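Enquirer:
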Amino acid sequence: MLTKSELQKTAVEMLSRAATTLPRDVVKALKLCKTKETNDIARLQLDTMLRNLELAKKMRAPICQDTGIPIFFVKLGSELELNFDLNRALAGAVREATRKIPLRANVVDPLRRANTETNVGQGQPIVHIELVRGKGLQIDLIIKGAGAENWSRLFMLKPTAGEKTIKRAVLLAIDEAGGQPCPPTIVGVGIGGSADVACLLSKKALLRPLDVKNPDKKLASMELELKNAANELDIGPMGLGGRTTVLGVRIAKAACHTASLPLAINFQCWVARRASARLVGDKMKVEAL
Amino acid sequence: MAKLIDLRPPLSDKKIEELKVGDIVSLSGTIVTARDKAYARALDILRSGKKLPIDMRNGVVYHCGPLVKKTPRGPKIVSAGPTTSARLDDMQIDFVRLSGVKALIGKSGVGEDVASELARSGCIYLAFTGGAGVLASRSIERVKKILWRDLGPIEGLWVLDVKKFGPLVVAIDVHGGNLYLRR
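Which chain is which? The protein sequence lines are A and B, in order. Here the first sequence is numbered in this note's numbering, starting from -10 and rising by one per residue. Here the second sequence is numbered in this note's numbering, starting from 670 and rising by one per residue.
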């Protein structure tokens, strides 16, 4: 049976890998953008990013000093027996990782602004648990820095607004954010559901690697169109100009009320940190992303 | 992308005037980190006519909240990339005028109005690549002093000796140049 200490150990490893290395698809996308850039300053930014990634990997140091807050997405098999509290195990991992790696202590009370010093607090870490069939367990992690998260947007559009308005709203959000979410960003878009579901979808959409196409053909073509349009805005890496503004757009949708059309946008910075692990036998296996 | 200059604070007005947007520079010497809470406290002090615990005239302020590792030999900065400068927009002009700072290092620039006021105050804005925390930490030779420790390691003032910190892009100069303005 999976033990609490095994799960906690796995989550610490996920946090450590995510903080110090980027998934291959993201590195590949950054390198490709560098070859396509014609703007000298943009190329210098991309070059600095890639150099920093090499250094962080070599020194096992967090890529960015804003080690963000971790968001865990858990797929929990309804037939899996666990004899411990999953939320507490993940909180324990965050505490341990904060001390060991170390991570910057970012979590504060929203009003008093007092730092908990552990990255654990009321409602933190954020854990989304989805019940699925079977005996499996999969944990996906993304790390969100504040620079990108602060540009999140929710639009409750008119139900008849249609695709054109959706695209305009996404591009407007990218334009307004400019260099602040640390472009080139990955832009998560949630369409439909409800206000809360659209926001969750926009963040969950960021889990899909850049080299995995959206299985929904309609959404796949919207993603490509939005990516190309965003890269014409001349925001560029870190907002200093250039054609590398987004690495990709990821869209997810859910059915919604006939009288509403929620649209949420969530940015992930170029330090697009992710990690995944799944249960194999009674051990958790951290995947090489 | 013309010049490759290593700036050494204190920075004279003449030196600042020579710099144009698009110039790539590095920095060697003493810089001070400051962000939201430090700005607020510094403004309280400066507005009441008192002195800051460190003289920032002709100096360089780095918008950064470092990631610090505790070691037996004291705190070691392991990652120290820039934070979003525009968060400080409301305080920026008064801070620069009253402190006498001549260069800000940060990411993503400042609001358009703030940029013009910076230029008028003879202060340039140097962009360092967001997220490049390890690269920045490698240029830190020494932590000289930590001030306002009660604000915590992220928000306190770190007085740092850096060597060839960069590459920094002159993103806002004192002649009206601003790389963040589009179209």
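Using N, Cα and C, we set each Cβ at its ideal position, and we do this for glycine too. Note that the structure is a prediction, hence the values are computed from the model and not measured.
1) State yes or no: is the C-beta of Leu196 (chain A) within less than 9 Å of the C-beta of Arg263 (chain A)?
2) Tell me, to the nearest whole angstrom, how far the beta carbon of Ala135 (chain A) is from that of Thr56 (chain A); I am working on the premise that it is less than 8 Å.
3) Per DSSP, Glu119 (chain A) is paired with what?
4) So, Val121 (chain A) versus Asn76 (chain A), is the Cβ gap smaller than 9 Å?
5) Mapping the DSSP letters down to three states, classify Ser265 (chain A) as helix, strand or coil.
6) Judging by CA-CA distance, which residue of B:Ile815, B:Pro836 and B:Ser806 is the nearest neighbour of Gly743 (chain B)?
7) Among the candidates A:Val109, A:Thr234 and A:Gln34, whose CA atom is the shortest distance from the CA of Pro59 (chain A)?
8) Give me the chain A residues within the contact set of Thr740 (chain B), using Cβ-Cβ distance strictly less than 9 Å, ordered along the chain.
9) Given a cut-off of 9 Å, decide if Gly728 (chain B) and Lys771 (chain B) are closer than it, judged by their beta-carbon atoms.
10) Where Gln(-3) (chain A) and Leu79 (chain A) are concerned, what is the direct C-alpha to C-alpha distance, given to the nearest angstrom?
11) In chain order, what residues of the stretch 69 to 91 of chain A put their CB closer than 8 Å to some CB of chain B?
12) Where Lys202 (chain A) and Leu215 (chain A) are concerned, what is the direct C-alpha to C-alpha distance, given to the nearest angstrom?
13) Look at the Cβ atom of Val838 (chain B), then the Cβ atom of Ile700 (chain B), and state whether they are nearer than 9 Å.
14) Buried or exposed: where does Val803 (chain B) fall if 16 or more other Cβ atoms within 10 Å of its Cβ makes it buried?
15) Reducing DSSP to helix, strand and coil, say where Ser249 (chain A) ends up.
16) Residues in the same chain with beta-carbon distance under 7 Å from Arg824 (chain B), minus the five sequence neighbours each way, listed in chain order, please.
17) In chain order, what residues of the same chain have a beta carbon less than 6 Å from the beta carbon of Ala749 (chain B), not counting five sequence neighbours either side?
18) Looking at chain A, which residues of the stretch 688 to 718 of chain B have a Cβ within less than 8 Å of any of its Cβ atoms?
19) Given a limit of 8 Å on CB to CB distance, which residues of the stretch 43 to 64 of chain A reach chain B?
20) To the nearest angstrom, how far is it from the Cα of Ala137 (chain A) to the Cα of Gly775 (chain B)?
21) In angstroms with no decimal places, state the Cα-to-Cα distance between Cys53 (chain A) and Gly123 (chain A).
22) Determine the DSSP secondary structure at Glu810 (chain B), reduced to helix, strand or coil.
23) Work out the CA separation of Leu65 (chain A) and Phe280 (chain A) for me, nearest whole Å.
24) Within the same chain, show all residues whose beta-carbon is closer than 6 Å to that of Gly800 (chain B), passing over the 5 residues directly before and after it, in chain order.
25) Report the three-state DSSP secondary structure of Asp271 (chain A) (helix, strand or coil).
26) Contact criterion: CB-CB distance below 9 Å. Does Cys22 (chain A) meet it with respect to chain B?
27) According to a CB-to-CB cut-off of less than 8 Å, which residues of the stretch 158 to 190 of chain A neighbour chain B?
28) What do you get for Asp14 (chain A), buried or exposed, if any count of 16 or more other CB atoms within 10 angstroms of its CB means buried?
29) Quick one, which of B:Arg851, B:Tyr849, B:Ala840 and B:Leu850 has its alpha-carbon nearest Lys689 (chain B)'s?
30) List the residues of chain B that Thr37 (chain A) touches, going by C-beta distances under 8 Å, in chain order.
31) Specify whether the stretch 30 to 45 of chain A and the stretch 226 to 242 of chain A touch according to this definition: at least 3 beta carbon pairs, one from each stretch, less than 8 Å apart.
32) In whole angstroms, what is the alpha-carbon distance linking Leu11 (chain A) and Val275 (chain A)?
33) Near Val747 (chain B), what residues of its chain come up, given a Cβ to Cβ distance below 6 Å and the 5 sequence neighbours on each side ignored?
34) Pick helix, strand or coil for Asp724 (chain B), following the three-state DSSP scheme.
35) Going by DSSP, what residue range makes up the alpha helix (DSSP H) through Asp830 (chain B)?
36) Three-state secondary structure (DSSP) at Asn41 (chain A)?
Expert: Looking at the atomic coordinates:
1) The beta carbons of Leu196 (chain A) and Arg263 (chain A) sit closer together than 9 Å.
2) About 11 Å; that fails the 8 Å criterion.
3) According to DSSP, which records beta bridges pairwise, Glu119 (chain A) is partnered with A:Lys64.
4) Result no, Cβ atoms of Val121 (chain A) and Asn76 (chain A) do not sit closer than 9 Å.
5) In the structure shown, the three-state DSSP call for Ser265 (chain A) is strand.
6) Selection B:Ile815, B:Pro836 and B:Ser806 evaluated against Gly743 (chain B) yields B:Ile815 as nearest (Cα-Cα).
7) For the residues A:Val109, A:Thr234 and A:Gln34, the minimum Cα distance to Pro59 (chain A) belongs to A:Val109.
8) Those within 9 Å of Thr740 (chain B) in chain A number zero; the least Cβ separation is about 11 Å.
9) Yes, they are a contact pair.
10) If you draw a straight line from the Cα of Gln(-3) (chain A) to the Cα of Leu79 (chain A), it comes to about 6 Å.
11) Taking 8 Å as the Cβ-Cβ cut-off against chain B, the residues of the stretch 69 to 91 of chain A that qualify are Pro91.
12) Rounded to whole angstroms, Lys202 (chain A) to Leu215 (chain A) spans 14 Å at the Cα level.
13) Contact: no.
14) Classified as buried, Val803 (chain B) has 16 or more neighbouring CB atoms from the shown chains inside 10 Å of its CB.
15) In the structure shown, the three-state DSSP call for Ser249 (chain A) is coil.
16) Just to set this straight, residue 824 (chain B) is Glu in the shown sequence, not Arg. Result list for Glu824 (chain B): Arg704, Asp705, Lys706, Ala707 and Gly734, in chain order.
17) So the list reads Cys733, Pro735, Gly802, Ala805 and Ser806, once near-sequence residues are dropped.
18) Residues passing the 8 Å Cβ filter: Gly691 and Ile693.
19) Correct list: Leu44, Ala45, Met48, Ala50, Pro51, Ile52, Cys53, Gln54, Asp55 and Thr56.
20) Their Cα atoms are separated by approximately 15 Å.
21) Taking the straight line from one Cα to the other gives about 38 Å.
22) DSSP, reduced to helix, strand and coil, places Glu810 (chain B) within a strand of the structure shown.
23) Outside the shown range of chain A (-10 to 278) lies residue 280 (chain A), about which nothing can therefore be said.
24) The beta carbon of Gly800 (chain B) sits closer than 6 Å to those of Gly750, all from its chain and outside the five residues before and after it, given in chain order.
25) Coil at Asp271 (chain A), not helix or strand.
26) Taking Cβ atoms only, chain B never reaches closer than 9 Å to Cys22 (chain A), which makes this a no.
27) Listed by position along the chain: Gly167, Gly168, Gln169 and Cys171.
28) Buried.
29) Closest in C-alpha terms to Lys689 (chain B), from the list B:Arg851, B:Tyr849, B:Ala840 and B:Leu850, comes B:Ala840.
30) Within chain B, the residues near Thr37 (chain A) are Thr798, Ala801, Leu804 and Pro836.
31) Yes, since at least three Cβ pairs between the stretch 30 to 45 of chain A and the stretch 226 to 242 of chain A fall closer than 8 Å, the two stretches touch.
32) Cα to Cα, Leu11 (chain A) sits roughly 14 Å from Val275 (chain A).
33) Counting only residues of its own chain and dropping the five nearest sequence neighbours on each side, Val747 (chain B) has a CB closer than 6 Å to the CB of Leu736, Lys738 and Ser806.
34) Asp724 (chain B) falls in the coil class under three-state DSSP.
35) Asp830 (chain B): not part of any alpha helix (DSSP H); member of the beta strand (DSSP E) spanning Leu826 to Ile841, first to last residue.
36) DSSP places Asn41 (chain A) in helix when its eight states are reduced to three.
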